[in-house]
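Everything on this sheet refers to the single structure shown next.
Numbering (mature numbering (1 follows the signal peptide of the UniProt record, and there is no 0)), first residue to last: -24 to -1, 1 to 301.
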(Lines of atoms letter the chains of each structure in order from A and count residues from 1; the text may use other names and numbers.)
(Lines give C-alpha, C1' and ligand atoms only; values in the text may rest on other atoms or scores of the structure.)
Protein backbone atom coordinates (compact mmCIF):
# COMPACT_ATOMS: atom_id res chain seq x y z
CA UNK A 1 0.00 0.00 0.00
CA UNK A 2 2.84 2.36 0.90
CA UNK A 3 4.54 1.78 -2.47
CA UNK A 4 1.20 2.27 -4.25
CA UNK A 5 0.71 5.65 -2.55
CA UNK A 6 4.23 6.72 -3.56
CA UNK A 7 3.66 5.57 -7.14
CA UNK A 8 0.37 7.46 -7.28
CA UNK A 9 2.08 10.57 -5.95
CA UNK A 10 4.76 10.23 -8.60
CA UNK A 11 2.15 9.89 -11.34
CA UNK A 12 0.33 12.98 -10.11
CA UNK A 13 3.60 14.87 -10.13
CA UNK A 14 4.34 13.72 -13.69
CA UNK A 15 0.87 14.78 -14.84
CA UNK A 16 1.45 18.30 -13.55
CA UNK A 17 4.69 18.94 -15.43
CA UNK A 18 4.97 21.45 -18.26
CA UNK A 19 7.71 21.12 -20.85
CA UNK A 20 9.60 23.68 -22.91
CA UNK A 21 9.91 27.37 -22.17
CA UNK A 22 7.60 28.61 -19.47
CA UNK A 23 4.86 30.79 -20.89
CA UNK A 24 3.20 31.55 -17.54
CA UNK A 25 4.58 29.57 -14.67
CA UNK A 26 6.28 26.21 -14.57
CA UNK A 27 6.11 24.42 -11.23
CA UNK A 28 9.14 22.20 -10.69
CA UNK A 29 9.19 19.28 -8.26
CA UNK A 30 12.11 18.27 -6.05
CA UNK A 31 12.48 15.40 -3.59
CA UNK A 32 14.39 14.99 -0.34
CA UNK A 33 14.37 12.10 2.12
CA UNK A 34 14.97 14.36 5.12
CA UNK A 35 12.30 16.21 7.16
CA UNK A 36 11.14 19.77 6.67
CA UNK A 37 13.65 22.19 8.18
CA UNK A 38 16.65 19.93 7.54
CA UNK A 39 19.59 21.88 6.01
CA UNK A 40 19.43 20.13 2.64
CA UNK A 41 15.68 20.74 2.41
CA UNK A 42 16.17 24.39 3.31
CA UNK A 43 19.03 24.72 0.82
CA UNK A 44 16.80 23.51 -2.01
CA UNK A 45 13.98 25.78 -0.83
CA UNK A 46 16.36 28.73 -0.94
CA UNK A 47 17.34 27.75 -4.47
CA UNK A 48 13.62 27.84 -5.31
CA UNK A 49 13.21 31.31 -3.81
CA UNK A 50 16.12 32.65 -5.84
CA UNK A 51 14.84 30.95 -8.99
CA UNK A 52 11.36 32.43 -8.62
CA UNK A 53 12.77 35.89 -7.93
CA UNK A 54 15.28 35.84 -10.79
CA UNK A 55 12.80 34.56 -13.37
CA UNK A 56 10.07 37.00 -12.28
CA UNK A 57 7.88 34.11 -11.19
CA UNK A 58 8.11 32.10 -14.41
CA UNK A 59 9.50 29.17 -12.40
CA UNK A 60 8.58 28.03 -8.92
CA UNK A 61 9.60 25.01 -6.87
CA UNK A 62 7.75 22.52 -4.70
CA UNK A 63 9.97 20.52 -2.35
CA UNK A 64 8.64 17.10 -1.32
CA UNK A 65 10.54 16.44 1.91
CA UNK A 66 10.34 13.49 4.33
CA UNK A 67 10.55 10.89 1.52
CA UNK A 68 7.03 11.76 0.36
CA UNK A 69 7.91 10.56 -3.13
CA UNK A 70 9.92 7.56 -1.94
CA UNK A 71 13.35 6.72 -0.60
CA UNK A 72 16.47 7.88 -2.43
CA UNK A 73 16.73 4.83 -4.67
CA UNK A 74 13.17 5.46 -5.89
CA UNK A 75 13.59 9.18 -6.47
CA UNK A 76 16.86 8.77 -8.33
CA UNK A 77 14.98 6.74 -10.93
CA UNK A 78 12.16 9.29 -10.94
CA UNK A 79 14.51 12.18 -11.74
CA UNK A 80 16.46 10.19 -14.33
CA UNK A 81 13.24 9.23 -16.13
CA UNK A 82 11.76 12.73 -15.84
CA UNK A 83 8.92 11.92 -13.45
CA UNK A 84 10.35 14.69 -11.26
CA UNK A 85 12.78 17.36 -12.39
CA UNK A 86 15.00 17.81 -9.34
CA UNK A 87 16.37 15.73 -6.49
CA UNK A 88 18.67 16.16 -3.52
CA UNK A 89 20.33 12.85 -2.79
CA UNK A 90 23.47 11.40 -1.26
CA UNK A 91 26.43 10.85 -3.58
CA UNK A 92 26.86 7.17 -2.63
CA UNK A 93 23.81 5.68 -4.41
CA UNK A 94 25.28 6.90 -7.72
CA UNK A 95 28.49 4.88 -7.26
CA UNK A 96 27.25 2.10 -9.53
CA UNK A 97 26.06 4.51 -12.23
CA UNK A 98 28.59 7.35 -12.26
CA UNK A 99 32.11 6.03 -11.84
CA UNK A 100 33.60 9.35 -10.80
CA UNK A 101 31.16 9.59 -7.86
CA UNK A 102 33.14 6.77 -6.21
CA UNK A 103 36.00 9.06 -5.23
CA UNK A 104 34.17 11.43 -2.84
CA UNK A 105 32.47 8.38 -1.30
CA UNK A 106 35.76 6.72 -0.37
CA UNK A 107 36.49 6.48 3.36
CA UNK A 108 38.96 9.06 4.66
CA UNK A 109 39.49 10.58 1.20
CA UNK A 110 38.92 14.04 2.70
CA UNK A 111 41.03 15.40 5.55
CA UNK A 112 38.35 17.81 6.74
CA UNK A 113 35.17 19.55 5.64
CA UNK A 114 37.29 22.46 4.43
CA UNK A 115 39.32 20.08 2.28
CA UNK A 116 36.12 18.61 0.86
CA UNK A 117 34.84 22.10 0.00
CA UNK A 118 38.04 22.97 -1.87
CA UNK A 119 37.87 19.72 -3.84
CA UNK A 120 34.18 19.85 -4.72
CA UNK A 121 34.24 23.58 -5.52
CA UNK A 122 37.19 23.18 -7.88
CA UNK A 123 38.26 21.26 -10.98
CA UNK A 124 37.62 17.83 -9.47
CA UNK A 125 34.05 18.82 -8.64
CA UNK A 126 33.62 20.01 -12.23
CA UNK A 127 34.93 16.65 -13.47
CA UNK A 128 32.37 14.82 -11.33
CA UNK A 129 29.55 17.09 -12.53
CA UNK A 130 30.39 16.36 -16.16
CA UNK A 131 30.38 12.62 -15.47
CA UNK A 132 26.73 12.74 -14.37
CA UNK A 133 25.48 13.97 -17.75
CA UNK A 134 25.63 10.60 -19.58
CA UNK A 135 23.36 9.28 -16.79
CA UNK A 136 20.76 11.87 -17.80
CA UNK A 137 21.48 14.25 -14.93
CA UNK A 138 22.85 17.76 -14.52
CA UNK A 139 24.52 18.45 -11.17
CA UNK A 140 23.47 21.90 -9.99
CA UNK A 141 25.23 21.87 -6.62
CA UNK A 142 27.09 19.89 -4.00
CA UNK A 143 25.72 20.30 -0.48
CA UNK A 144 27.24 19.53 2.91
CA UNK A 145 26.37 16.40 4.84
CA UNK A 146 29.22 16.51 7.34
CA UNK A 147 31.19 13.57 8.68
CA UNK A 148 29.53 10.17 9.01
CA UNK A 149 30.32 7.98 12.02
CA UNK A 150 29.11 4.67 13.46
CA UNK A 151 26.52 4.36 16.21
CA UNK A 152 24.98 1.31 17.84
CA UNK A 153 22.87 0.12 20.75
CA UNK A 154 25.31 -2.52 22.02
CA UNK A 155 28.55 -0.91 23.23
CA UNK A 156 30.94 2.02 22.83
CA UNK A 157 33.48 1.65 20.03
CA UNK A 158 37.03 2.66 20.89
CA UNK A 159 38.92 0.65 18.26
CA UNK A 160 38.44 -1.45 15.14
CA UNK A 161 38.35 -4.55 17.34
CA UNK A 162 35.08 -3.32 18.89
CA UNK A 163 33.41 -3.41 15.47
CA UNK A 164 33.73 -7.18 15.10
CA UNK A 165 30.44 -8.97 14.59
CA UNK A 166 28.19 -5.90 14.84
CA UNK A 167 25.49 -5.38 12.20
CA UNK A 168 25.28 -1.90 10.69
CA UNK A 169 22.87 -0.39 8.23
CA UNK A 170 24.67 1.29 5.35
CA UNK A 171 23.73 3.31 2.28
CA UNK A 172 22.98 1.13 -0.73
CA UNK A 173 26.55 1.35 -2.02
CA UNK A 174 29.15 -1.40 -2.51
CA UNK A 175 31.83 0.92 -1.09
CA UNK A 176 29.98 1.19 2.19
CA UNK A 177 29.36 -2.55 2.34
CA UNK A 178 33.06 -3.25 1.78
CA UNK A 179 34.11 -0.56 4.25
CA UNK A 180 32.11 -2.18 7.03
CA UNK A 181 33.41 -5.64 6.10
CA UNK A 182 37.00 -4.33 6.24
CA UNK A 183 36.34 -3.30 9.83
CA UNK A 184 35.15 -6.80 10.78
CA UNK A 185 31.48 -5.90 11.01
CA UNK A 186 28.46 -6.88 8.93
CA UNK A 187 26.78 -4.44 6.54
CA UNK A 188 23.05 -4.39 5.85
CA UNK A 189 21.99 -2.02 3.06
CA UNK A 190 18.49 -0.71 3.73
CA UNK A 191 16.42 2.42 3.09
CA UNK A 192 16.98 5.29 5.51
CA UNK A 193 13.37 5.23 6.66
CA UNK A 194 13.68 1.65 7.96
CA UNK A 195 16.70 2.21 10.20
CA UNK A 196 14.87 3.14 13.42
CA UNK A 197 12.69 0.03 13.42
CA UNK A 198 15.65 -2.10 12.31
CA UNK A 199 17.66 -1.06 15.37
CA UNK A 200 14.66 -1.25 17.70
CA UNK A 201 13.77 -4.81 16.64
CA UNK A 202 17.36 -6.07 16.52
CA UNK A 203 17.56 -6.61 12.76
CA UNK A 204 20.65 -4.39 12.97
CA UNK A 205 22.78 -3.19 15.89
CA UNK A 206 23.26 0.29 14.52
CA UNK A 207 24.01 2.47 11.53
CA UNK A 208 26.35 5.24 10.41
CA UNK A 209 25.51 8.84 9.73
CA UNK A 210 26.09 12.45 10.71
CA UNK A 211 24.82 14.18 13.86
CA UNK A 212 21.80 15.89 12.21
CA UNK A 213 20.51 12.60 10.76
CA UNK A 214 21.22 10.73 14.02
CA UNK A 215 19.16 13.43 15.75
CA UNK A 216 16.27 14.16 13.37
CA UNK A 217 15.59 10.50 12.53
CA UNK A 218 15.48 9.79 16.30
CA UNK A 219 18.11 7.08 16.02
CA UNK A 220 19.66 8.36 19.27
CA UNK A 221 16.58 7.00 21.05
CA UNK A 222 17.46 3.41 20.15
CA UNK A 223 21.26 3.49 19.60
CA UNK A 224 22.99 5.55 22.27
CA UNK A 225 26.66 4.76 21.51
CA UNK A 226 28.00 7.26 18.94
CA UNK A 227 31.63 6.86 17.89
CA UNK A 228 33.38 9.79 16.16
CA UNK A 229 35.40 7.71 13.71
CA UNK A 230 34.33 10.13 10.91
CA UNK A 231 34.94 7.59 8.15
CA UNK A 232 33.45 9.69 5.36
CA UNK A 233 32.76 13.36 4.70
CA UNK A 234 30.31 12.59 1.95
CA UNK A 235 28.87 15.51 -0.05
CA UNK A 236 25.25 15.52 -1.13
CA UNK A 237 24.34 16.15 -4.75
CA UNK A 238 21.50 18.34 -6.07
CA UNK A 239 20.61 17.12 -9.55
CA UNK A 240 18.22 18.01 -12.35
CA UNK A 241 16.86 15.87 -15.15
CA UNK A 242 19.10 16.66 -18.13
CA UNK A 243 16.31 16.64 -20.70
CA UNK A 244 14.40 19.21 -18.63
CA UNK A 245 17.53 21.32 -18.22
CA UNK A 246 18.31 21.16 -21.94
CA UNK A 247 14.83 22.54 -22.75
CA UNK A 248 15.64 25.74 -20.85
CA UNK A 249 16.88 28.76 -22.76
CA UNK A 250 20.60 29.47 -22.32
CA UNK A 251 19.65 32.49 -20.21
CA UNK A 252 17.48 30.39 -17.89
CA UNK A 253 20.13 27.69 -17.68
CA UNK A 254 22.51 30.32 -16.37
CA UNK A 255 19.92 31.45 -13.82
CA UNK A 256 19.38 27.89 -12.60
CA UNK A 257 23.11 27.32 -12.20
CA UNK A 258 23.74 30.60 -10.41
CA UNK A 259 20.77 30.15 -8.07
CA UNK A 260 22.08 26.69 -7.15
CA UNK A 261 25.58 28.03 -6.63
CA UNK A 262 24.24 30.80 -4.40
CA UNK A 263 22.22 28.28 -2.37
CA UNK A 264 25.39 26.39 -1.40
CA UNK A 265 26.65 29.09 0.98
CA UNK A 266 23.22 29.21 2.65
CA UNK A 267 23.08 25.42 3.01
CA UNK A 268 26.58 25.26 4.49
CA UNK A 269 25.71 27.93 7.02
CA UNK A 270 22.56 26.05 8.03
CA UNK A 271 24.49 22.79 8.15
CA UNK A 272 27.13 24.09 10.54
CA UNK A 273 24.47 25.41 12.92
CA UNK A 274 22.47 22.17 12.72
CA UNK A 275 25.48 20.00 13.62
CA UNK A 276 25.99 21.98 16.83
CA UNK A 277 22.28 21.86 17.65
CA UNK A 278 21.93 18.14 16.91
CA UNK A 279 24.95 17.13 18.95
CA UNK A 280 23.46 18.97 21.94
CA UNK A 281 20.08 17.30 21.32
CA UNK A 282 21.43 13.75 21.28
CA UNK A 283 23.58 14.36 24.34
CA UNK A 284 20.43 15.46 26.19
CA UNK A 285 18.84 12.16 25.13
CA UNK A 286 21.72 10.32 26.80
CA UNK A 287 23.86 9.50 23.78
CA UNK A 288 27.40 8.57 24.76
CA UNK A 289 29.87 10.13 22.31
CA UNK A 290 33.35 8.64 22.12
CA UNK A 291 36.41 9.18 19.93
CA UNK A 292 38.12 5.96 18.82
CA UNK A 293 41.62 5.36 17.52
CA UNK A 294 40.97 6.78 14.04
CA UNK A 295 44.30 5.63 12.59
CA UNK A 296 43.24 2.04 13.02
CA UNK A 297 40.14 2.71 10.94
CA UNK A 298 42.20 4.46 8.27
CA UNK A 299 44.68 1.59 8.07
CA UNK A 300 41.85 -0.91 7.61
CA UNK A 301 40.64 0.84 4.45
CA UNK A 302 43.43 -0.34 2.12
CA UNK A 303 41.34 -3.25 0.69
CA UNK A 304 38.47 -0.86 -0.07
CA UNK A 305 40.74 1.37 -2.16
CA UNK A 306 42.29 -1.66 -3.89
CA UNK A 307 38.88 -2.97 -4.92
CA UNK A 308 37.17 0.26 -5.97
CA UNK A 309 39.99 2.44 -7.31
CA UNK A 310 41.07 0.27 -10.22
CA UNK A 311 41.33 2.29 -13.41
CA UNK A 312 43.67 5.17 -14.23
CA UNK A 313 40.93 7.80 -14.14
CA UNK A 314 39.98 7.02 -10.54
CA UNK A 315 43.60 6.58 -9.45
CA UNK A 316 44.45 10.02 -10.80
CA UNK A 317 41.39 11.53 -9.16
CA UNK A 318 42.42 10.12 -5.78
CA UNK A 319 45.90 11.57 -6.17
CA UNK A 320 44.45 14.90 -7.29
CA UNK A 321 42.20 15.03 -4.22
CA UNK A 322 45.12 14.31 -1.92
CA UNK A 323 47.12 17.09 -3.60
CA UNK A 324 44.50 19.76 -2.89
CA UNK A 325 45.71 21.93 -0.01
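Yeah, the Cβ is synthetic: ideal placement off N, Cα and C, and Gly gets one too. Please read all numbers here as calculations on a predicted model, not as lab measurements.
Item                                                                                                    : Value
CB of residue 20 within 8 Å of CB of residue 12, strictly                                               : no
Between the CA atoms of residue 291 and residue 78 - distance to the nearest angstrom                   : 11 Å
Nearest-angstrom Cα separation, counted from residue 118 out to residue 212                             : 6 Å
Residue 43 in three-state terms, based on DSSP                                                          : coil
Check whether residue 16 and residue 64 have beta carbons under 8 Å apart                               : yes
Host alpha helix (DSSP H) of residue 270 (start-end)                                                    : 270 to 275
Residue 45 versus residue 271 - alpha carbon distance                                                   : 40 Å
Cβ distance (whole Å) where residue 266 is taken to contact residue 133 below 8 Å                       : 7 Å
Beta-carbon proximity list for residue 124, same chain, < 8 Å, skipping 5 on both sides                 : 184, 185, 186, 206, 207, 208, 209, 210
Distance, residue 203 Cα to residue 275 Cα                                                              : 17 Å
Cβ distance (whole Å) where residue 149 is taken to contact residue 81 below 8 Å                        : 6 Å
Nearest-angstrom Cβ-Cβ length linking residue 108 and residue 215, presumed shorter than 8 Å            : 7 Å
Uninterrupted alpha helix (DSSP H) stretches inside the stretch 198 to 229 (no shorter than 4 residues) : 218 to 222
DSSP state of residue -2 mapped onto helix, strand, coil                                                : The predicted position of residue -2 is uncertain, since its pLDDT is 47 and thus under 50; no value can be drawn from it.
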